[in-house]
Amino acid sequence: MDLILYIASGAAVGLAIGLTGVGGGSLMTPLLILFGFPYNVAIGTDLLYAAITKAGGVVSHQKQKTIQWRTVRMLALGSVPASVITALFLSQVFNDSTEYEGILTRSLGVMLVLTATVILLNGRLRQTVKITSESSNGFFARHNDAVIFLVGIFLGIFVTLSSVGAGAFCAAVLMVLYPHMPALKIVGTDIAHAVPLTLVAGLGHLIWLGNVDFMLLGCLLIGSLPAIHLGTRLARRIPSNILQTAIATLLLGMGVKFAVF
3 MDLILYIASG
13 AAVGLAIGLT
23 GVGGGSLMTP
33 LLILFGFPYN
43 VAIGTDLLYA
53 AITKAGGVVS
63 HQKQKTIQWR
73 TVRMLALGSV
83 PASVITALFL
93 SQVFNDSTEY
103 EGILTRSLGV
113 MLVLTATVIL
123 LNGRLRQTVK
133 ITSESSNGFF
143 ARHNDAVIFL
153 VGIFLGIFVT
163 LSSVGAGAFC
173 AAVLMVLYPH
183 MPALKIVGTD
193 IAHAVPLTLV
203 AGLGHLIWLG
213 NVDFMLLGCL
223 LIGSLPAIHL
233 GTRLARRIPS
243 NILQTAIATL
253 LLGMGVKFAV
263 F
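Numbering (my numbering), first residue to last: 3 to 263.
Take a look at the structure:
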């Protein structure tokens with residue numbers, strides 16, 4: 003019965019990902035915690051789940067030439083080493099997962115709130131970016147590579163600690179830093195960076211912390227992979243704005259709970 007529940011959960015989250023582009027870490031990790039999995043196992047398993055489910059998206063975007071690989075490299079130069087160091091830090095400093103559970107909980111809460119805020123303010127953020135994009139001599143324009151590298155470090159740390167942030171949050175940052183980049187290229191670049199980051203973070207949880215449940219991972223993938231494809235096809239017929247707002251509101255509530263209570 004549990005296996006059927008996990009497969010159904012994978013299908014539900016996969017459908018949400020296909021319909022809205024949101025949900026890989028931000029929906030799956032809280033759901034696994036709700037099912038009673040320890041925070042560390044939920045986060046570690048979800049990281050590998052995210053890497054596998056997004057890998058197909060990289061191939062698709064590469065065929066469409068909608069990936070800016072230079073930006074992916076700059077992000078990864080910061081995020082991948084930061085992820086490795088974060089996982090090593092947890093394994094060397096703490097003797098047991100219960101000792102760093104509080105760090106994972108607070109990190110998850112903060113990243114859920116940030117992700118929800120980005121989704122809710124997406125339209126306003128786009129308008130602000132359009133207005134400010136004319137000032138091409140701004141700080142971000144002059145120090146773009148350095149800022150992208152620092153953003154990568156931030157993502158490397160907090161995605162490893164929470165499994166959240168490699169998707170919607172990173173895309174919003176790219177939108178601000180690259181106001182003239184087409185939306186499809188932002189999505190492609192975001193996904194191309196998310197795959198190596200979540201893969202390295204997930205392997206860190208697996209190798210050094212033992213935080214991956216392979217039976218659970220298999221069930222989630224069985225349910226989600228076909229559901230993502232279905233959701234992508236249905237997305238043309240269903241307004242995603244309403245669904246994104248509902249998901250963001252849910253994430254905001256869960257984020258506050260994890261961060262504060």
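Built from N, CA and C at the ideal position, the CB exists for glycine as well.
Over what stretch of residues does the alpha helix (DSSP H) that includes residue i continue unbroken?
{"i": "Gly-27", "result": "Segment: none, Gly-27 is in no alpha helix (DSSP H) and carries neither H nor E."}
{"i": "Gly-225", "result": "216-236"}
{"i": "Gln-70", "result": "Here Gln-70 belongs to no alpha helix (DSSP H), and DSSP marks it neither H nor E."}
{"i": "Glu-103", "result": "103-122"}
{"i": "Val-166", "result": "Segment: none, Val-166 is in no alpha helix (DSSP H) and carries neither H nor E."}
{"i": "Met-177", "result": "170-179"}
{"i": "His-195", "result": "185-206"}
From the options, pick the residue whose C-alpha is nearest to that of residue i; which is it?
{"i": "Leu-110", "options": "Ile-45, Ala-84 and Ala-148", "result": "Ile-45"}
{"i": "Leu-29", "options": "Gln-94, Ser-62, Gly-16 and Ile-209", "result": "Gly-16"}
{"i": "Leu-253", "options": "Asp-4, Leu-5 and Gly-27", "result": "Gly-27"}
{"i": "Val-161", "options": "Thr-200, Asn-97 and Ala-13", "result": "Thr-200"}
{"i": "Ser-81", "options": "Asn-42, Val-153, Thr-107 and Ala-52", "result": "Val-153"}
{"i": "Val-189", "options": "His-207, Met-217, Thr-22 and Leu-114", "result": "Thr-22"}
{"i": "Leu-211", "options": "Leu-34, Leu-79 and Asp-98", "result": "Asp-98"}
{"i": "Leu-157", "options": "Leu-36, Leu-77 and Tyr-102", "result": "Leu-77"}
{"i": "Gly-168", "options": "Thr-191, Val-149, Pro-184 and Ala-185", "result": "First, the residue type needs correcting, since residue 168 is Ala and not Gly in the sequence shown. Closest option to Ala-168, Cα to Cα, is Thr-191."}
{"i": "Ala-174", "options": "Lys-259, Ser-165 and Lys-187", "result": "Lys-187"}
{"i": "Val-266", "options": "Ala-13, Leu-34 and Leu-79", "result": "Residue 266 cannot be examined here, being either before or after the span of the chain that is shown, 3 to 263."}
{"i": "Val-24", "options": "Val-166, Gly-204 and His-207", "result": "Val-166"}
{"i": "Val-258", "options": "Asn-243, His-207 and Thr-119", "result": "Thr-119"}
Could you check whether the Cβ of residue i sits closer than 8 Å to any Cβ belonging to chain B?
{"i": "Cys-221", "result": "Protein chain content of the structure displayed is limited to a single chain, and chain B is not contained in it."}
State buried or exposed for residue i, treating a residue as buried only when at least 16 other CB atoms are found within 10 Å of its CB.
{"i": "Leu-7", "result": "exposed"}
{"i": "Gly-38", "result": "exposed"}
{"i": "Ser-62", "result": "exposed"}
{"i": "Thr-100", "result": "exposed"}
{"i": "Pro-32", "result": "buried"}
{"i": "Asp-147", "result": "exposed"}
{"i": "Ala-10", "result": "exposed"}
{"i": "Val-95", "result": "exposed"}
{"i": "Ile-209", "result": "exposed"}
{"i": "Val-2", "result": "Within the shown structure, residues of the chain are numbered from 3 to 263, placing residue 2 beyond reach of any answer."}
{"i": "Gly-204", "result": "buried"}
Q: Spell out a yes or no on whether the stretch 76-92 and the stretch 231-246 are touching, meaning 3 or more CB-CB pairs, one atom from each, closer than 8 Å.
A: Output reads no: the stretch 231-246 does not touch the stretch 76-92.
Q: State whether the stretch 179-189 contacts the stretch 68-79, with contact taken as three or more CB pairs (one from each stretch) at a distance under 8 Å.
A: Yes, the stretch 179-189 touches the stretch 68-79.
Q) If you pair each beta-carbon of the stretch 112-127 with each one of the stretch 206-219, do three or more pairs fall below 8 Å? A) Contact between the stretch 112-127 and the stretch 206-219 is absent, because fewer than three Cβ pairs lie under 8 Å.
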